[in-house]
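Below: one structure, written as structure tokens.
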Amino acid sequence: MQALAYAKLNLSLEVVGRRADGYHRVVTILHTIDLADRLTFKPSESLSLRCDPPIGPTEENLVLRAARQLQESTGCAFGAAITLEKRIPLASGLGGGSADAAATLRALNTFWDLKLPEAKLCVLATRLGSDVPFLMAGGCALAEGRGEVVTSLPPMPIWWAVILVPQHQTADKTARLYSLLGAGDFTDGSATRRLADGLRAGRVSIEKIGSMPNAFQRAAAIAFPALESYQKRMNAAGAHFAHITGSGPAVFTLVETREEGEQILARLQSNGDRGVYLLRLITPRK
Numbered sequence: 086m087q088a089l090a091y092a093k094l095n096l097s098l099e100v101v102g103r104r105a106d107g108y109h110r111v112v113t114i115l116h117t118i119d120l121a122d123r124l125t126f127k128p129s130e131s132l133s134l135r136c137d138p139p140i141g142p143t144e145e146n147l148v149l150r151a152a153r154q155l156q157e158s159t160g161c162a163f164g165a166a167i168t169l170e171k172r173i174p175l176a177s178g179l180g181g182g183s184a185d186a187a188a189t190l191r192a193l194n195t196f197w198d199l200k201l202p203e204a205k206l207c208v209l210a211t212r213l214g215s216d217v218p219f220l221m222a223g224g225c226a227l228a229e230g231r232g233e234v235v236t237s238l239p240p241m242p243i244w245w246a247v248i249l250v251p252q253h254q255t256a257d258k259t260a261r262l263y264s265l266l267g268a269g270d271f272t273d274g275s276a277t278r279r280l281a282d283g284l285r286a287g288r289v290s291i292e293k294i295g296s297m298p299n300a301f302q303r304a305a306a307i308a309f310p311a312l313e314s315y316q317k318r319m320n321a322a323g324a325h326f327a328h329i330t331g332s333g334p335a336v337f338t339l340v341e342t343r344e345e346g347e348q349i350l351a352r353l354q355s356n357g358d359r360g361v362y363l364l365r366l367i368t369p370r371k
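The sequence shown stops at residue 371 when you use the working numbering, and every number in between is there.
Listed below in structure tokens is the structure:
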């Protein structure tokens with residue numbers, strides 16, 4: 086059995102406060118894109134994971150954590166030999182690990198014939214990470230709370246994203262970025278909720294997306310000293326804007342046509358940039 090784990094973009098991301106349990110409260114709009122890891126599941130007496138290419142200790146991988154949560158919550162004794170073909174850049178803000186976890190929950194629920202309802206799977210997803218509940222279905226959605234309160238939104242127009250992924254060596258990236266947030270980075274979520282209202286009403290433009298906030302911009306510029314130079318290069322290549330997705334450091338812009346995206350892509354590549362992608366905004370088929 087095979088499953089695809091699609092990456093995501095944060096079109097807007099506000100951090101609105103910190104909860105008593107230490108987690109932050111967010112208001113964000115996410116959209117899946119057509120960049121995906123591929124997972125293969127084969128029968129086995131035990132759980133195992135092979136990553137291609139190797140990406141670090143497999144015991145810490147969200148794929149195995151998701152599989153074990155399914156086993157523990159159901160008493161399931163089945164195993165699986167899992168292969169993860171990694172295509173989404175690591176720790177980039179594109180949600181690769183979370184996408185892998187979501188795809189694993191969905192696939193093993195079928196592979197092991199567990200028949201868990203969607204609501205139960207979403208409870209498990211919440212324990213695995215803030216983006217995992219959204220990535221259980223993908224498409225376009227407003228996520229609130231820790232990310233577990235997900236409200237579907239109409240998909241964006243058939244637009245394209247140009248994405249530039251800087252190389253970095255930041256360990257424990259997400260935790261570090263949250264630790265760098267200050268009071269001035271917190272907002273009330275109203276800008277993101279207005280964008281959600283516009284999507285529901287069919288009123289959305291690239292200019293509007295370009296005006297949206299990302300609470301991590303200041304912190305990301307500290308954690309990734311070269312970030313602002315990447316954003317400047319994206320703008321110089323003809324981008325409408327150059328926003329980070331998630332806590333970065335991946336930088337993206339949106340365009341209405343593939344041709345416009347190819348022009349920006351070519352300019353970035355001619356300047357020597359690597360890790361550049363041209364991708365569609367998509368709603369995965371269930």
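Ideal placement from N, C-alpha and C gives every residue a C-beta, glycine not left out. None of the values given here were measured: they were computed from a predicted structure.
Looking at C-alpha atoms only, which residue of the options is the closest neighbour of residue i?
i: P139; options: T168, R318, K258; result: T168
i: L193; options: S97, T159, S237; result: T159
i: M221; options: L249, L238, T189; result: T189
i: L89; options: A184, A152, Y108, E130; result: A184
i: E292; options: L266, E341, P251, L262; result: E341
i: S129; options: A162, G107, R103; result: A162
i: L199; options: Q154, T236, T211; result: Q154
i: E344; options: F271, P310, G323; result: G323
i: F309; options: P239, G357, D273, P251; result: P251
i: E229; options: W244, E145, F337, R110; result: R110
i: Y362; options: A304, L179, K127, D106; result: L179
i: P202; options: D122, D137, R191; result: R191
i: A246; options: V148, V336, Y108, Q87; result: V336
i: S177; options: S237, M241, D257, L227; result: D257
i: K171; options: K205, D358, I307, V148; result: V148
i: G433; options: M86, G181, V100; result: Here the chain covers residues 86 to 371 and nothing more, so residue 433 does not appear.
i: A286; options: L238, S355, L350, K127; result: L238
i: G333; options: C225, S133, I248, N320; result: I248
i: G223; options: V235, R231, L364; result: V235
i: D106; options: P142, D137, R231, S97; result: R231
i: T330; options: Q354, S314, Q302; result: Q302
i: R261; options: E233, I307, P298; result: I307
i: N299; options: Q87, L98, K93; result: L98
i: E347; options: P369, M319, L265, M297; result: M319
i: S296; options: L213, R279, A304; result: R279
Give the C-beta separation of residue i and residue j to the nearest angstrom, bearing in mind that I take them to be a contact with Cβ-Cβ under 8 Å.
i: V208; j: A186; result: V208 to A186, Cβ: 13 Å. No contact.
i: Y91; j: T125; result: With a Cβ gap of about 16 Å, Y91 and T125 do not count as contacting.
i: N95; j: L115; result: 6 Å
i: L339; j: H325; result: 7 Å
i: A152; j: L132; result: 5 Å
Is residue i helix, strand or coil by DSSP?
i: V208; result: helix
i: L193; result: helix
i: L363; result: strand
i: V247; result: strand
i: A92; result: strand
i: R27; result: It is not possible to answer for residue 27, since the shown part of the chain is limited to 86 through 371.
i: L213; result: helix
i: L201; result: coil
i: G346; result: helix
Under the criterion of a Cβ to heavy atom distance below 8 Å, does residue i qualify as lining the ligand FMN?
i: R135; result: The ligand FMN is not among the ligands present in this structure, which contains no ligands whatsoever.
What are the residues that DSSP puts in a beta bridge with residue i?
i: E130; result: Paired residue(s): none; E130 is not in a bridge.
i: I114; result: S97, L227
i: Q87; result: T125
i: R352; result: In the DSSP output, where bridge partners are listed per residue, R352 has none listed.
i: V235; result: A228
i: R370; result: None, per the DSSP bridge assignment.
i: G102; result: R110
i: D137; result: E170
At which residue ranges does the segment 265-343 contain complete beta strand (DSSP E) runs of 3 or more residues, listed in the order of the chain? Whole beta strand (DSSP E) segments, 3+ residues: 336-340.
Every unbroken alpha helix (DSSP H) inside the segment 146-186 [4 residues or more]: For the alpha helix (DSSP H) assignment, the uninterrupted runs of no fewer than 4 residues enclosed by the segment 146-186 are, from N- to C-terminal side, 147-159.
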